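Participant: One structure is given below, represented as structure tokens, and several questions about it will come after.
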Ligand code: SGN
Ligand code: CA
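In this note's numbering, the protein residues as written are 8 to 540.
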């Protein structure tokens, strides 16, 4: 077999077994434990509790259990649909321009207060495990074990307070290792204190590498393409046309879909991407690699042998199916491991006095508009899944359509812990929604702002406002002198056009609605002191 390197790195074996011993309930009843589980790029379309057709073919029983025993948020959103900005919103309760983390790389203003620090000062034992991603040390945590940057699916390396700044590789699959570490934290916690544990998974981030036991899962399932897969972006501003995130053109057979055998001409991927995939595969132990090849090699060779005879459409279909299968295989492991974590909390007698939150750092396109990735203010990436289980305050089976955003998590956790929210924090506690009623004065719109341009996937900068029914988006780009190079608006009626295909901006009959949304947008820009748009 080609391209196999000996597995030469030092590996620390970690037991994947949960040895949870039953213990007493948490002694500090007034302050609940907080278990916040956040995946990376998990679409609400692939969670069966949300009822989308894809998820019917690949159900998520453990996430559904959290929803059935708690609350499903049907209108949960992020402020800036990208990893580090989303994590900064979580930690600070501030919008991106307030916390500094506007784009993917550097940015976080680490002088801002993280909610973990406040919990720590108010009796909590705090921990974060998995993807941290921001370019500052985890702040306000008694314990952390975090992966480097995006982390790796197989045998990832973790940094803790003890490893003196070094990342140490461990043997196993990221989703399992992150869960095991979380369970170990729970088992070894200081039982005189409440705890707050952030479980930040790497999966299902690109390039969607499934766990060994699920490499064949869904092989015979044909996943339906969304109705907007062949969207031609007619009626839209230029960014929908000029993005670089289509399954057809951007998604690569080698790096994304892991056909490393495809090395002949024409070039199917950039050399850098091919090398990255080989590095991913070379991280595996010989046994992991053998299992991987046993599942993929024959199927990959079938493609390699047929590719010259395939039509363009057949090839795009093949890509879509491989994408969906690998993504959903990653989700299967996530769902299993959430089940393992819930079982641990149950065995520890902690289920009643713990709020369990499940969410993602943003949504993701499962082929809608022809895309993968995120970034746009369109629904699939602006929305994020959100489920909360907390039997003390939330009745089983509650659903809410209140508009909520990721800047609300920090204030929620502080309010549950009985800690006063700092005045500067922009988000709002979600606790008033827990009884299933939306308070009369609940917010009626949300502000969104995306800044990461120019950058990978080439989505232009934009900000916008969304009410329960309408959405106004303003795409912009300015030259050095501050003159607009791009200045274009889109307006959608989400009730009559949930797929956002029909841009109504400037259309007769929408003058009043446009003026109302524009006023809301201007208010946000002014109130929040937004400095570019
Ligand atoms: C990487 C991915 C991108 C992705 C960003 C941000 N490329 O750069 O596809 O949009 O992360 O993702 S990859 O070649 O490294 O897979 S995020 O979830 O961290 O925001
Ligand atoms: Ca992400």
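All C-beta atoms, glycine included, are put in the ideal place defined by N, C-alpha and C. Everything numeric in this text was worked out from a predicted model, so none of it was measured.
Would you mind listing the beta strand (DSSP E) stretches within the segment 336 to 383 that are 3+ residues and don't spill past its ends, in chain order?
Facilitator: Here the runs fully enclosed are 361 to 367.
Participant: Kindly indicate which residue of 489, 503, 483, 487 has the alpha-carbon position closest to the one of residue 495.
Facilitator: Looking at the Cα atoms, 483 is the closest of the given residues.
Participant: Please report the Cβ distance between residue 177 and residue 195, rounded to the nearest whole angstrom; I am assuming they are in contact, meaning their Cβ atoms lie under 8 Å.
Facilitator: Incorrect: roughly 17 Å between the Cβ atoms, too far for contact.
Participant: Would you say the segment 263 to 270 touches the segment 218 to 235, given that touching needs at least three Cβ pairs under 8 Å?
Facilitator: Taking 8 Å as the limit for Cβ pairs, the verdict is that the segment 218 to 235 does not touch the segment 263 to 270.
Participant: Are there 16 or more other CB atoms within 10 angstroms of the CB of residue 247, so buried, or fewer, so exposed?
Facilitator: Label assigned to residue 247: buried.
Participant: Is the beta carbon of residue 284 within less than 7 Å of some heavy atom of ligand 1?
Facilitator: Result no, Cβ not under 7 Å from ligand 1.
Participant: Quick one: is the Cβ of residue 260 within less than 7 Å of any heavy atom of ligand 1?
Facilitator: Because no heavy atom of ligand 1 lies under 7 Å away, the Cβ of residue 260 does not count as near it: no.
Participant: Mind checking which residues open and close the alpha helix (DSSP H) that includes residue 531?
Facilitator: Taken as a continuous stretch (DSSP letters only), the alpha helix (DSSP H) holding residue 531 covers 518 to 534.
Participant: So, does the segment 356 to 369 touch the segment 381 to 393, judging by three or more C-beta pairs under 8 Å?
Facilitator: Judged by Cβ distances under 8 Å, the segment 356 to 369 makes contact with the segment 381 to 393, as three or more pairs qualify.
Participant: Using a strict less-than 5 Å threshold between each residue's beta carbon and the heavy atoms of ligand 2, what residues do you get?
Facilitator: Residues flagged by the Cβ proximity filter: 47, 48, 90, 368.
Participant: Is it a yes or a no for the segment 144 to 153 touching the segment 208 to 216, going by three-plus beta-carbon pairs under 8 Å?
Facilitator: The segment 144 to 153, when compared against the segment 208 to 216, does not touch it at the 8 Å Cβ threshold.
Participant: Can we count residue 342 as close to ligand 3, meaning its CB is less than 7 Å from some heavy atom?
Facilitator: Absent from the structure shown: ligand 3. Ligands present: ligand 1 and ligand 2.
Participant: Let me know the secondary structure DSSP gives residue 104 once reduced to three states.
Facilitator: Helix at residue 104.
Participant: Kindly indicate which residue of 432, 401, 361, 464 has the alpha-carbon position closest to the one of residue 383.
Facilitator: Of the listed residues, the one whose Cα sits closest to residue 383 is 464.
Participant: Is it buried or exposed for residue 318, if we count other Cβ within 10 angstroms and need 16 for buried?
Facilitator: Looking at its Cβ environment, which holds fewer than 16 other Cβ atoms inside 10 Å, residue 318 is exposed.
Participant: Measure the alpha-carbon distance for residue 222 versus residue 281 and round it to whole angstroms.
Facilitator: If you take the alpha carbons of residue 222 and residue 281, they lie about 21 Å apart.
Participant: For residue 378 and residue 51, I'd like the C-alpha separation in whole angstroms.
Facilitator: Computed Cα separation, rounded: 15 Å.
Participant: Below 8 Å on the Cβ atoms is my contact criterion, and I expect residue 115 with residue 95 to pass it. Report the Cβ-Cβ distance as a whole number of Å.
Facilitator: Indeed they touch by this definition, with Cβ atoms about 5 Å apart.
Participant: Taking Cβ positions, are residue 275 and residue 285 nearer each other than 8 Å?
Facilitator: Not closer than 8 Å, so no.
Participant: With 16 as the cutoff for other CB atoms within 10 Å, does residue 237 come out buried or exposed?
Facilitator: Classification of residue 237: exposed, given that the 10 Å Cβ count is below 16.
Participant: Can you find the residues in the same chain that come closer than 8 Å, C-beta to C-beta, to residue 245, ignoring five residues on each side of it along the sequence?
Facilitator: Excluding sequence neighbours, residue 245 sits near 467, 482, 493, 495.
Participant: Figure out for me which residue from 375, 140, 258 has the closest Cα to the Cα of residue 239.
Facilitator: Among 375, 140, 258, the Cα nearest to that of residue 239 is on 375.
Participant: Does the beta-carbon of residue 456, which I'm using as the reference point, lie nearer than 7 Å to any heavy atom of ligand 1?
Facilitator: No, since every heavy atom of ligand 1 falls outside the 7 Å radius drawn around the Cβ of residue 456.
Participant: Is residue 355 buried or exposed, if buried means 16 or more other CB atoms sit within 10 Å of its CB?
Facilitator: Buried: at least 16 other Cβ atoms inside 10 Å.
Participant: Alpha carbon to alpha carbon, how far is residue 489 from residue 540?
Facilitator: Going by the C-alpha atoms only, they are around 11 Å apart.
Participant: Should residue 435 and residue 451 be called a contact, given that it needs their Cβ atoms to be closer than 8 Å?
Facilitator: In this structure, residue 451 does not lie closer than 8 Å to residue 435 by Cβ.
Participant: Counting C-beta neighbours from all protein chains within 10 Å, is the total for residue 181 16 or more, i.e. buried, or is it exposed?
Facilitator: Buried.
Participant: Which runs of the alpha helix (DSSP H), 4 residues or longer, sit entirely within the segment 92 to 149?
Facilitator: DSSP runs (the alpha helix (DSSP H)) wholly in the segment 92 to 149: 103 to 106, 122 to 128.
Participant: Can you give the beta carbon distance from residue 200 to residue 313, rounded, assuming they're within the 8 Å contact cut?
Facilitator: Rounded, the Cβ-Cβ distance is 60 Å, inconsistent with contact.
Participant: Determine the DSSP secondary structure at residue 477, reduced to helix, strand or coil.
Facilitator: Residue 477 falls in the strand class under three-state DSSP.
Participant: Report the three-state DSSP secondary structure of residue 54 (helix, strand or coil).
Facilitator: In this structure, residue 54 counts as coil in the three-state DSSP scheme.
Participant: Are residue 77 and residue 397 closer than 8 Å when you measure CB to CB?
Facilitator: Going by C-beta atoms, residue 77 is nearer than 8 Å to residue 397.
Participant: Any heavy atom of ligand 1 within a distance shorter than 7 Å of the CB on residue 316?
Facilitator: Checking every heavy atom of ligand 1 against the Cβ of residue 316, none is found closer than 7 Å.
Participant: Return helix, strand or coil for residue 485, following the three-state DSSP convention.
Facilitator: Looking at residue 485 - three-state DSSP - the assignment turns out to be strand.
Participant: Starting from residue 256, follow the beta strand (DSSP E) in both directions and report where the run begins and ends.
Facilitator: Per DSSP, residue 256 belongs to no beta strand (DSSP E) and is neither H nor E.
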